[in-house]
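> So the protein sequences, as listed, match chains C and A.
Oh and the first sequence: position 261 is 261 in the numbering used here, straight run, nothing missing.
To get the numbering used here, take the position in the second sequence, counting from 1, and add 1000.
Think of the CB as a built atom: it goes at the ideal place given N, C-alpha and C, for glycine as much as any other residue.
My structure is below; once you've seen it, I'll send some questions.
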Amino acid sequence: MDPETLEKDALAAVAAASSLDDIDRVRVEFLGRKSALKLALREVRDRETGMTLNALRERLETAIDARENDLRRVELDRQVSEERVDVTMPGTPFPRGHLHLITQIRREVEDIFLGLGYTVVDGREVETTHYNFDGLNFPQGHPTRSPLHTLFLDQQTVLRTETSPSQIRTMEAQEPPVYIVSLGRCYRRDTPDATHTPTFHQVEGLAVDEGISLADLEGTLDYLLKTLFGEERRTQFTTNYFPFTEPSIEARVSCHICDGSGCPVCRHSGWIEVGGAGMVDPNLFEFVGYDPERYTGFAFGWGLERIAVLRHGIPDLRELWRNDPRLLRQF
Amino acid sequence: MRVPMSWLREYVTVDAPAEEIARRLAICALDEVERVREVGVLDVDDNLGRFLVGKVLAVERHPSADRLRVCQVDVGEGDARQIVCGAWNFEAGATVAVALPGALLPVLEAPLDERELRGQRSRGMILAEDEVGLGEDHAGIMVLPDSLEPGTPLDQVLPIREEVLDVTPTPNRVDLLSMVGLAREVAALFDGELHVPEADDPELVDAEPVDVTVEDFEGCPRYVGRVFRDVAIGPSPQWLRSRLYLAELRSISNVVDVTNYVMHVWGNPLHAFDLTRLSGGRIVVRRARPGEELRTLDGTLRRLHPDDLMITDGDRSVALAGIMGGEESEVSDETGEVLLEAANFEPVGIFKSSERLGLRTAGSNRWEKGVDPYLAEQAAVHASRMIVDLAGARMTGHVDVHSGLPERPVVRHRPERTDHVVGFPIDPGEQCSILEGFGFEVAPNWDVSVPTWRARDVTREIDVIEEVVRTVLDRVPFTMPLRRHVKGHLTKEQRLRRLVEDVLVGAGLSEAYTWSLAPSDPHRDAIRLPDPMTADQAVLRTTLLPGLVEAVRTGLDAGFDDVSLFEIARIYLPSGEPLPDERWRVGAIVHDGYDVMKGVLETLYAALHLELRVRRSSHPSLHPGKAAETDAGWLGELHPTLLEGVWGAFELDLETLFSQVPERIVYEDVITYPAARQDIAVAVDEDVEVGALVDAAREAAGPILREARVFDVYRGEQVGAGKKSVAIHLAFQSSERTLTDEEAAELRGKIVAALAERFGAEPRA
Chain C
1 MDPETLEKDA LAAVAAASSL DDIDRVRVEF LGRKSALKLA LREVRDRETG
51 MTLNALRERL ETAIDAREND LRRVELDRQV SEERVDVTMP GTPFPRGHLH
101 LITQIRREVE DIFLGLGYTV VDGREVETTH YNFDGLNFPQ GHPTRSPLHT
151 LFLDQQTVLR TETSPSQIRT MEAQEPPVYI VSLGRCYRRD TPDATHTPTF
201 HQVEGLAVDE GISLADLEGT LDYLLKTLFG EERRTQFTTN YFPFTEPSIE
251 ARVSCHICDG SGCPVCRHSG WIEVGGAGMV DPNLFEFVGY DPERYTGFAF
301 GWGLERIAVL RHGIPDLREL WRNDPRLLRQ F
Chain A
1001 MRVPMSWLRE YVTVDAPAEE IARRLAICAL DEVERVREVG VLDVDDNLGR
1051 FLVGKVLAVE RHPSADRLRV CQVDVGEGDA RQIVCGAWNF EAGATVAVAL
1101 PGALLPVLEA PLDERELRGQ RSRGMILAED EVGLGEDHAG IMVLPDSLEP
1151 GTPLDQVLPI REEVLDVTPT PNRVDLLSMV GLAREVAALF DGELHVPEAD
1201 DPELVDAEPV DVTVEDFEGC PRYVGRVFRD VAIGPSPQWL RSRLYLAELR
1251 SISNVVDVTN YVMHVWGNPL HAFDLTRLSG GRIVVRRARP GEELRTLDGT
1301 LRRLHPDDLM ITDGDRSVAL AGIMGGEESE VSDETGEVLL EAANFEPVGI
1351 FKSSERLGLR TAGSNRWEKG VDPYLAEQAA VHASRMIVDL AGARMTGHVD
1401 VHSGLPERPV VRHRPERTDH VVGFPIDPGE QCSILEGFGF EVAPNWDVSV
1451 PTWRARDVTR EIDVIEEVVR TVLDRVPFTM PLRRHVKGHL TKEQRLRRLV
1501 EDVLVGAGLS EAYTWSLAPS DPHRDAIRLP DPMTADQAVL RTTLLPGLVE
1551 AVRTGLDAGF DDVSLFEIAR IYLPSGEPLP DERWRVGAIV HDGYDVMKGV
1601 LETLYAALHL ELRVRRSSHP SLHPGKAAET DAGWLGELHP TLLEGVWGAF
1651 ELDLETLFSQ VPERIVYEDV ITYPAARQDI AVAVDEDVEV GALVDAAREA
1701 AGPILREARV FDVYRGEQVG AGKKSVAIHL AFQSSERTLT DEEAAELRGK
1751 IVAALAERFG AEPRA
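Structural data, given as structure tokens:
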């Protein structure tokens, strides 16, 4: 056996192999157990010949492997070039649920205030008149105290009419500073219509500290409104009256339909009312034992449904309670 | 309240246009101001110039039309104009309102033209009030005072072109339910000049005593009673009718109109009685007697409550104080003698009566907010002047009964405290002038005397501060609280509630919101509302399930048969305490039965790093063979009677569930030493639960058994009747060393032995 001839023949055979079967045959012919090279190696007696033949074996192995890789690649290319799918076919359906719109808004508001360093408080829904009215400075004879407006369980127990009782409970439980928001269900004796449901959701905010000012309240609400409704919106604050705040204000945001020029949606005012707010009335501080000279605070209580209406155009609040899959899936 | 601007401008001189006044009032003073409504005739192309005062020089019957007359009218042009007119309520010499050809009237589509009417030329129109938006009466034309010069522009005489504001004050500002109050506010906000109407009190003629007794000064702190005789009841003059119309008050007769007009001016509701209908001409103010009834002037017979404050004549009630007069003592066309009531009533009682009776009136709307008792006198004087002037009456009696009028509050104010509350400096001089503009008196030591009309509302320094702040609201800068100490984060429970929501949404469930109040509840002692709004919302629920069933049904009705819903909300357990135990629950209904639901629940537990372990159980809403419980609640397949189709459901108490969630996960080496995996299959009796097999396997092998999962249950001939073969995948793993094959085999052997011993389980090949 002449190694040079063998190598020449082998490399020629490798080059000529045009399929994986061919290359297998070449491998058996030149490197198989009965191949001339293997037989020759078995009979080698001197070191020099052994080295020569082993080097040859390695070269042939390398050449065959390389050729095999090339052929595999060609084979794969051929195969994938034939595998086509209609890429516009729909995927395998995977179930996906939806958070209720009010939950989405609730989380958004919570996150805004968590980012500002507030904590989230879960208030009670069934409350005593002590916390729902007395602690919030509702005068005797205030309309809200009437069973025509509030759902009473007994003389001293109501379904909370706003989230504000959580303010009182929080202040009773801790010393200032207080930075909290409290979100949840509230109840009023409202006949259901497009803009009222007897159960609704509020977000309550309360900040009590040394040096809290009306400017801080407006700055906070401006930030909240722009985050919820868009940086381009303008905010305005008008005077109002609530038993638990003094001074009291109402927040308005520039109309999303007409951008302030006046249209039926904003009743031609250019502004949309979002909700009430104000500086915590000193009577509340006295009620919970805070020093009203040392501490000032602000509070606000807004309806989450109102945000849903203003931002998503929900035409009828009752829809939010019907749980029609067609509505749930929109958000 | 409707505010015609020409009326308001009579009381305050300001340059600002109506829009600007409305805008600033909305920011600084009122709850709401609707947009400025423009009413009456159009103010374009000198249209207003085509409306003039005219004097009728001659009136003749139309020669060829029975219902028309031909008038010669002087409108200040020199020559008289011939105008054909269909009204019959005037004669020659009358002063009337005339529209010239070309005039645009709100009731005509085209401009008024000059034309022939049955052969007679008509060069204009004599106007009725409805034709220029000043009323609804079309029975006759408007007859104006004779003192007016022909040719006077009509808009100087009548508000034929008007801007009207619709304002809603906040409940603490009843003073702004009056033209005078609004004028004062506008004067202060725009630095305008205020002209409070000042009427000369008529002289008493043939003075006589007025018999007024107030038995209940708490309910009626003041009662001004005045008597008028020789009262000529008749229609009001056009200017009064027009103003009332624009203010949305109905014109009835001169005396009644005066009471409404003066209420609108001053905010103090008035009432006029037919004096002859009062027994003995007396007034006694007292609470209603048990069983007493009164027919109010809307014709309704009302049963009264002993808390209702009544105006009586000593014998019978003649009016519901502050709310509505009685039909019997009402002023009518025949009335010749009038008792005018200018009183003051306490707010809470009026509110309660009005609410109890479901009767809200312009009067009750003011009284229930607390009217200034000082106003009664100004209102009485103004009304008296008008009754004398318009009804030709003599005022013969006056009495003012009260138990002492309240002192004006004096509040010590610190201007720097305003800066502290509002967050930016407001010059003390400016604070002082703002307060003085609203009628407060500021002493050099900053003792602030509150005007009587704000005495209920402003009693503390913070209330004084509000007066300043509302005026400068549009100058407040936007800042953020300093927040030197904050700790903003969700509690563990809040965080986990979100996690539950997200996992369930990820598992394909949508979130439903259902009512806290249910028509009924399975809990025997569930809390019922004593006076529910509707039977559908009568009980505070103790379970989320019925609401979810209802929600799924909504989905089915909408054509979706694969609805999967969950809700996270509170339920309300009776606690024996005054307040119920409010607990957060998660409930779900999952399309397609127990297995899918269980898979959802396993995913949820895994996300919480909990292992779901269930026990067979029963629940009235569940399929008896497919019901189970966990430490936190129940799960199973809905009983087929509840909802058509096959539905899995669960409801868990979140506090119980979350109490088992580990605070933190500590690292465990599960990488370095691979697990030894083995599968076993054992044949057991059909009634052996696979959960029991897994439990026994864990017990036998100890914690080194990292995973034991049933992956197949086979029933068939090879296993034998009443038996099943359960295949369990086992993974043994140590975090300290690689387990040898011998160790794994030994563990497996222990498990097989334990299963054989406990359940008679036979290993299968």
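Hey, A/G1086 and A/R1061: beta-carbon distance below 9 Å or not?
no
> Measuring CA to CA, which of A/V1682, A/E1668, A/V1684, A/L1579 is closest to A/I1704?
A/E1668
> Determine contact between the segment 260-279 of chain C and the segment 1504-1511 of chain A, defined as no fewer than three beta-carbon pairs at a distance below 8 Å.
no
> Cβ of C/Y295 less than 9 Å from any chain A Cβ?
no
> What did DSSP end up calling A/N1365 once you bin it into helix, strand or coil?
The answer is helix: DSSP assigns A/N1365 an H, G or I state.
> Three or more C-beta pairs closer than 8 Å, one from the segment 1567-1586 of chain A and one from the segment 1525-1542 of chain A: is that the case here?
yes
> Just mark A/W1088 as buried or exposed, buried being the case when its beta carbon has 16 or more other beta carbons within 10 Å.
exposed
> Once you ignore the five residues that flank C/V158 on each side, which residues in its own chain have a CB closer than 7 Å to its CB?
E127, T129, N132, T150, L151, F152
> What's the C-alpha gap between C/E274 and C/W302?
A small fix is needed here, since residue 274 of chain C is Val in this sequence, not Glu. Going from the Cα of C/V274 to the Cα of C/W302 covers about 7 Å.
> So who's on the other strand from A/A1343, going by DSSP bridges?
In DSSP, A/A1343 forms a bridge with A/Y1223.
> Take the Cβ of A/I1665 as the centre, count every other Cβ of all protein chains shown within 10 Å, and call the residue buried at 16 or more, exposed below.
exposed
> State the DSSP-derived secondary structure class of A/A1558, mapped to helix, strand or coil.
coil
> Please confirm if C/Y118 has its CB atom under 9 Å from at least one CB of chain A.
yes
> Using only CA atoms, which one of A/V1174, A/L1025, A/E1743, A/P1101 lies nearest to A/V1458?
A/V1174
> Quick check on this structure: which residue in A/E1149, A/A1094, A/E1116, A/G1119 has the alpha carbon closest to the alpha carbon of A/L1127?
A/A1094
> Looking at the structure shown, is A/G1749 part of a helix, part of a strand, or coil, going by DSSP?
Three-state DSSP puts A/G1749 in a helix.
> Check C/V74 in the structure and name its three-state DSSP category.
Three-state DSSP puts C/V74 in a helix.
> With H, G and I counted as helix, E and B as strand and the rest as coil, what does DSSP make of A/K1492?
helix
> Which residues of the segment 181-206 of chain C have a Cβ closer than 7 Å to any Cβ of chain A? Give them in chain order.
R185, R189, P198, T199
> How would you list, in chain order, the residues of chain A whose beta-carbon sits under 7 Å from the beta-carbon of C/E232?
Here the premise fails: no neighbours, minimum Cβ distance about 16 Å.
> Could you please tell me which residues of the segment 1465-1487 of chain A, in chain order, have their CB closer than 8 Å to any CB of chain C?
I1465, E1466, V1469, R1470, L1473, D1474, V1476, P1477, F1478, T1479, M1480, P1481, L1482, R1483, R1484, H1485, V1486, K1487
> I'd like to know if C/E172 contacts chain A, where contact means its C-beta is closer than 9 Å to some C-beta of that chain.
no
> Go ahead and pull the three-state DSSP assignment for A/P1373.
coil
> With distances taken Cα to Cα, identify the nearest neighbour of A/A1058 among A/A1080, A/C1432, A/R1037, A/V1338.
A/A1080
> Which residues mark the beginning and the end of the beta strand (DSSP E) in which C/L159 is found?
Element bounds for C/L159: 157-159.
> Just checking, does the segment 1399-1416 of chain A make contact with the segment 192-200 of chain C on the three C-beta pairs under 8 Å criterion?
no
> Pop quiz: A/L1297 and A/L1304 are said to be a contact at Cβ under 8 Å. What is the actual Cβ separation, rounded to whole angstroms?
No, A/L1297 and A/L1304 are not in contact; Cβ-Cβ is about 15 Å, not under 8 Å.
> List the whole-angstrom C-beta distance separating C/Q209 from C/Y118, where the pair is believed to meet the contact cut-off of C-beta under 8 Å.
For the record, residue 209 of chain C in the displayed sequence is Asp; it is not Gln. Between C/D209 and C/Y118, the beta carbon gap of about 12 Å keeps them out of contact (Cβ cut-off 8 Å).
> For a contact meaning CB atoms closer than 9 Å, what does A/N1344 contact in chain C?
Within chain C, no residue comes near A/N1344; the closest Cβ sits about 16 Å away, beyond 9 Å.
> Based on the DSSP secondary-structure assignment, which residues constitute the bridge partners of A/L1643?
Answer is none; A/L1643 lacks a bridge partner.
> Pick out whichever of A/P1640, A/V1752, A/S1242 has its Cα sitting closest to the Cα of A/P1620.
It is A/P1640.
> What are the boundary residues of the alpha helix (DSSP H) that C/T239 is part of?
First-last for C/T239: 235-242, but that is the beta strand (DSSP E), not the alpha helix (DSSP H).
> Looking only at DSSP bridge pairs, what is C/G275 linked to?
C/A251, C/W302
> Would you please verify whether the beta carbon of C/G50 is less than 9 Å from any beta carbon of chain A?
no
> In three-state terms, what does DSSP make of C/I102?
Note: C/I102 maps to helix in three-state DSSP.
> Starting from the Cα of A/A1701, find the closest Cα among A/Y1673, A/A1721, A/A1731 and give me that residue.
Closest in C-alpha terms to A/A1701, from the list A/Y1673, A/A1721, A/A1731, comes A/A1731.
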